[in-house]
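Visitor: In our numbering, the protein residues as written are 23 to 379. Glycine is no exception: its CB is placed at the ideal position from the N, C-alpha and C atoms.
1) Just the C-alpha distance for residue 263 and residue 109, rounded to the nearest angstrom, thanks.
2) Rounded to whole angstroms, what is the Cα-Cα separation between residue 342 and residue 277?
3) Sorted by chain position, which residues of the same chain lie with C-beta nearer than 6 Å to residue 71's C-beta, five sequence neighbours on each side aside?
4) Enumerate in chain order the residues of its own chain whose CB-to-CB distance from residue 331 is below 8 Å, with the five nearest sequence positions on each side excluded.
5) Taking the beta carbon of residue 196 as the centre, do at least 16 other beta carbons fall within 10 Å, making it buried, or is it exposed?
6) Could you give the uninterrupted runs of the alpha helix (DSSP H) lying entirely in the region 81 to 125, keeping only those of 4 residues or more?
7) Three-state secondary structure (DSSP) at residue 159?
8) Enumerate in chain order the residues of its own chain whose CB-to-CB distance from residue 322 is below 6 Å, with the five nearest sequence positions on each side excluded.
9) So the candidates are 260, 288, 192 and 326; which of them puts its Cα closest to the Cα of residue 122?
10) Please state whether DSSP places residue 132 in a helix, a strand or coil.
11) Leaving aside the five residues before and after residue 81 along the sequence, list all residues of the same chain whose C-beta is less than 6 Å from its C-beta, in chain order.
12) Use the C-beta contact count for residue 345: other C-beta atoms within 10 angstroms, 16 or more gives buried, fewer gives exposed.
13) Do residue 360 and residue 163 have their C-beta atoms closer together than 9 Å?
14) Is it true that the CB of residue 280 sits closer than 9 Å to the CB of residue 120?
15) Measuring straight from C-alpha to C-alpha, what distance separates residue 229 and residue 258?
16) Suppose the cutoff is 7 Å on Cβ atoms and the five residues either side in sequence are ignored; what does the same chain contact list for residue 172 look like?
17) Whole-angstrom Cβ separation of residue 193 and residue 236, contact assumed at under 8 Å?
18) For residue 277, which three-state DSSP category applies?
19) Do you know offhand how far residue 396's Cα is from residue 91's?
20) For residue 180, collect the residues of the same chain with a Cβ closer than 6 Å to its Cβ; drop the 5 residues on either side in sequence, then sort them by chain order.
21) Take every Cβ of the region 140 to 159, pair it with every Cβ of the region 296 to 310, and state whether three or more of those distances are shorter than 8 Å.
22) Considering Cα atoms alone, identify which of 64, 95 and 306 is closest to residue 79.
23) Taking residue 302 as part of the alpha helix (DSSP H), name the residues at either end of that continuous run.
24) Residue 247: which of 325, 233 and 168 sits nearest, CA to CA?
25) Report the residue from 308, 364, 273 and 145 whose alpha carbon sits nearest the alpha carbon of residue 89.
26) Check residue 154 in the structure and name its three-state DSSP category.
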């Protein structure tokens with residue numbers, strides 16, 4: 023599940039894009055970019071590579087190719103900057119990609135996404151499947167895990183995590199503004215249904231209380247898992263798969279808290295003006311209706327499916343560890359990138375400045 027997956031939003035204004043005059047040269051220079059007329063049965067998909075790509079190929083892409091005859095060729099890693107540049111240059115390295123909710127809201131607002139309405143039959147999908155012109159298929163959670171040997175009385179929520187007097191010890195959180203600010207506000211008592219958009223002053227005041235106790239601002243899932251496993255920190259906000267990894271590997275008992283887990287989800291999108299957009303719509307429709315394939319992908323990649331029907335194909339003991347299991351989702355908070363969109367640049371810049379102080 024490592025970093026669709028879990029990538030932070032990158033402001034479009036921070037990226038330089040190629041000039042439109044480079045279109046012809048780029049087409050000749052890159053063997054992976056070709057004109058649509060020569061490849062009517064091909065689709066280029068941007069992926070994370072590695073194990074993630076292997077899983078998505080086996081359970082989602084190969085069934086699509088079998089049913090449609092459309093060959094999928096992959097390009098990695100995921101790049102918001104390339105998505106933006108393609109719209110400007112008209113040179114398409116890929117037609118389809120996945121984005122988290124903050125990035126999909128940013129891309130949709132910038133006109134970088136094709137409209138799914140009229141191209142994808144939503145009557146065959148589940149409620150809430152379409153988000154900001156993306157198909158939201160799977161999610162992951164940032165949740166709390168702690169060393170129960172040090173805190174036998176137990177921690178119940180983010181307020182406990184931020185209570186350094188009652189629960190002294192080293193902490194760790196992700197260096198990711200949108201997720202951490204949600205946690206800070208929940209810790210300060212903001213109800214989940216009033217979380218978005220963020221009260222930034224309140225969020226940073228909450229973070230000020232805990233800053234000296236955060237030993238590590240982690241940037242990769244395995245890092246968070248390792249420092250909790252090794253006892254370098256006593257509690258952490260980390261991804262669900264890494265929380266379970268730490269629980270299994272640690273010599274100390276690690277407890278995982280589902281209450282107030284902050285859930286982000288991955289959305290499949292079609293790049294605006296892609297020459298193979300129709301094939302992209304077909305892929306998104308196929309993924310949306312392949313409940314069994316999505317279930318197998320989520321098991322392999324340790325995500326949780328957004329399609330409720332997928333749970334029919336997941337063993338109960340496995341489903342119980344997934345952040346989108348109905349029991350867990352009812353206790354979670356879903357990130358809302360659309361409501362955060364006007365704040366994304368400000369909150370990211372302010373957070374990075376705050377962390378660096």
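Guide: Well, looking at it:
1) The alpha-carbon atoms of residue 263 and residue 109 are separated by roughly 35 Å.
2) In a straight line, the C-alpha of residue 342 is about 15 Å away from that of residue 277.
3) If we look at residue 71 and ignore the five residues flanking it on each side, its Cβ neighbours are 98 and 99.
4) Around residue 331: 148 and 313.
5) Buried is the call here.
6) As far as the region 81 to 125 is concerned, its whole alpha helix (DSSP H) runs of at least 4 residues are 84 to 90 and 102 to 111.
7) Note: residue 159 maps to strand in three-state DSSP.
8) Hits under 6 Å: 77.
9) Per the Cα distances, 288.
10) In the structure shown, residue 132 falls within a coil segment according to DSSP collapsed to helix, strand and coil.
11) Excluding positions up to five away in sequence, the list reads 315, 318 and 319.
12) By the neighbour-count rule (16 or more Cβ atoms within 10 Å), residue 345 is buried.
13) Between residue 360 and residue 163, the gap from beta carbon to beta carbon reaches 9 Å or more.
14) No, these two residues do not count as a Cβ contact at 9 Å.
15) Residue 229 and residue 258 have their alpha carbons spaced roughly 14 Å apart.
16) Excluding positions up to five away in sequence, the list reads 191 and 256.
17) Sure, about 5 Å apart at Cβ, within 8 Å.
18) Three-state result, residue 277: strand.
19) Residue 396 cannot be examined here, being either before or after the span of the chain that is shown, 23 to 379.
20) Cβ neighbours of residue 180 beyond the five flanking positions: 205, 208, 209 and 282.
21) Proximity of the region 140 to 159 to the region 296 to 310 meets the contact definition, three or more beta-carbon pairs being nearer than 8 Å.
22) Its Cα nearest to that of residue 79, the residue 95 stands out among 64, 95 and 306.
23) Boundaries of the alpha helix (DSSP H) around residue 302: 299 to 311.
24) That would be 168, whose Cα lies nearest to the Cα of residue 247.
25) That would be 308, whose Cα lies nearest to the Cα of residue 89.
26) DSSP places residue 154 in coil when its eight states are reduced to three.
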